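Residues 1 to 348 in full-length UniProt numbering are what the sequence shown lists, from first letter to last.
Beta carbons are placed, not taken as given, at the ideal position from N, Cα and C, and that holds for glycine.
As the structure is a prediction and not an experimental result, all values here were calculated from the model.
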Amino acid sequence: MKAKSVTSHDVAKLAGVSRSTVSLVLNGSNAVSLSEETKERVREAARILGYRPNSAALMLRKGRTDTIGLVITETRSIRVDAYIPILHYAIADVLKEAGYSLLLETFERKKGVNPYTDLVFSHRIDGLMVLSPHVEDKDLHALLDSGFPVVQIGSIGHPEELSVTTCTSDSTTEAVRHIVDLGHRNIGSVPFSPSGFSATDSRLEELRQELLKSGIMLDADCIEFGDFSAESGYNATLRLMKRQPRLTAIFAGNDTIALGVIGALNSLGLSVPGDVSVVGYDDLPFSGFISPPLTTVKMNADHQGRLAADLMVKRLKGETIPQKRLVLPSQVVLRASTAKARMQASDL
C-alpha cells in the first residue's frame with residue numbers, strides 16, 4: 001500500500017500553527033512578523049515529518065527555482081576523476097550557504113540536439129555552471145549570447161564569459177626544468193583524455209614547447225593518450241613502454257592517470273623513480289601518500305570551485321563583478337617520484 005504523502009496540513013497540526021504560517025515560514029516570507037520560537041517549531045515539525053515544499057509551486061510563486069545546474073561535459077570523467085568530487089563539494093557548499101541547491105547533470109551531445117535546452121529553457125534552473133567547456137561548443141556560445149547566467153570552470157574565450165581557470169604554463173616550465181636538470185632526455189607523456197579535449201590539448205602543447213626549449217622533441221611516438229581513468233593510464237603506459245622502452249620520465253596528464261602509469265611501470269619490473277620518473281597534475285589528496293609520493297603540479301580544486309560558485313551568486317544577485325575571468329596560479333610540488341635519470345648503454 002502506497003504511503004500517504006506528507007502535507008503542509010500535517011506540519012501545521014504537529015507545530016500547532018495554521019497552514020498559512022507553515023507556508024510563510026518554509027517559503028522564507030517576511031510578509032508577517034513571526035517569532036523565532038514559532039519559526040523553529042514549524043521547521044522542526046517539517047524535519048520530523050520529512051516535509052519539503054513543492055518546488056514547482058515555489059518556482060511559480062517566486063519566479064525562480066533557487067537551483068543552479070552543474071554540467072559535466074565529459075560523462076566518463078565523473079566515475080574516475082578524483083578532482084571532480086572536490087570541485088563539486090566546494091561549489092555545493094558555497095551555493096547552499098547562499099540559499100541555492102545544486103543540480104548535477106551530465107553532458108550528452110547528439111547531432112541536432114541542444115544539450116542545455118532541457119535544463120535552461122524548461123526553467124528548471126536559475127543559472128548554469130559548466131565544467132571543462134569546449135571551445136567549439138556553439139550551443140554554449142549561443143547561451144552566453146542570450147545573457148543567461150553561466151559560469152565556466154574553464155574558458156571558451158567568449159567576450160562576456162564568467163570563468164575560473166588555472167594557469168599551468170609557469171608550473172609546466174618549472175616541472176620540465178626539474179626533469180631536465182635531473183638528466184632526463186628520453187621523455188614521454190600520457191595525457192588524461194583523448195586528443196580534442198581542450199584541457200588535454202593545451203597541457204600537452206605547453207609540455208611540448210617547454211621540452212623543445214631544452215632541445216627535446218616530444219613526438220607522437222612518445223605520447224599515448226589515456227581516457228580519464230587510472231586503468232586507461234595503466235594500459236596506455238604499457239603500450240607506450242612497448243614502443244619506447246628507453247623512456248626515463250613520463251608526464252601524466254593528471255594524478256589519476258599517474259596512478260595507472262606507476263602501476264604499469266611496476267608491472268613491467270621498472271621502479272619509480274629508479275628507472276622511470278613520473279610527474280602528475282592536480283595534487284589530489286592521495287598524491288602525497290602513494291608509493292612513491294607523487295611529484296605533481298598543484299591545482300586547487302576546492303578554491304576553484306568556491307570562486308566559481310561565488311561568481312554565480314554575485315551574477316544572480318546583480319552584484320558588481322570587477323573581474324569576469326579569474327585565473328588561478330599553480331605550483332610544482334616535488335616529491336619522491338622523480339630522481340636522476342638512469343644510465344643507459346648509449347650513455348657509457
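Asked, Found
"I need the straight-line Cα distance from A92 to R246, nearest angstrom please.", "46 Å"
"With DSSP run on the structure shown, which of helix, strand or coil describes Q304?", "helix"
"Thinking C-alpha only, which one of R243, D255 and S132 is nearest S163?", "S132"
"Are V279 and A175 touching if we call contact CB-CB under 7 Å?", "yes"
"Straight-line CA distance for V6 to L102?", "24 Å"
"Taking the straight line between their C-alpha atoms, what separation do you get for Y51 and L14?", "12 Å"
"Who are the Cβ neighbours of T172 in its own chain at under 8 Å, not counting the five residues just before and after it?", "R203, E206, L207, E210 and V297"
"Alpha carbons only, please: which of F107, A45 and P159 is nearest the one belonging to Q323?", "P159"
"Tell me which residues share the same chain as A309 and place their Cβ nearer than 6 Å to its Cβ, disregarding the 5 neighbours each side in the sequence.", "I91, V94 and L95"
"Assign A142 to one of two classes, buried (16 or more other C-beta atoms within 10 Å of its C-beta) or exposed (fewer than that).", "exposed"
"Provide the residue(s) that pair with E97 in DSSP beta bridges, ordered along the chain.", "Its beta-bridge partners do not exist; DSSP assigns none."
"Using 8 Å as the cut-off, can you tell me whether the region 37-51 makes contact with the region 75-90, which would need three or more C-beta pairs spanning the two stretches below that distance?", "no"
"Could you spell out the range, first to last residue, of the alpha helix (DSSP H) harbouring M343?", "Element bounds for M343: n/a, residue is neither H nor E."
"Rounded C-beta distance between F192 and I257? I'm assuming under 8 Å.", "5 Å"
"Consult DSSP for M241 and reduce its assignment to one of helix, strand or coil.", "helix"
"Going by DSSP, what residues sit across from T166 in a beta bridge?", "L328"
"Counting pairs of beta carbons, one from the region 216-225 and one from the region 258-278, are three or more of them closer than 8 Å?", "no"
"To the nearest angstrom, report how far apart S35 and R19 are at their CA atoms.", "16 Å"
"Looking only at its own chain, which residues have a Cβ that is under 6 Å from the Cβ of L307, when we skip the five neighbours before and after it?", "V164 and L326"
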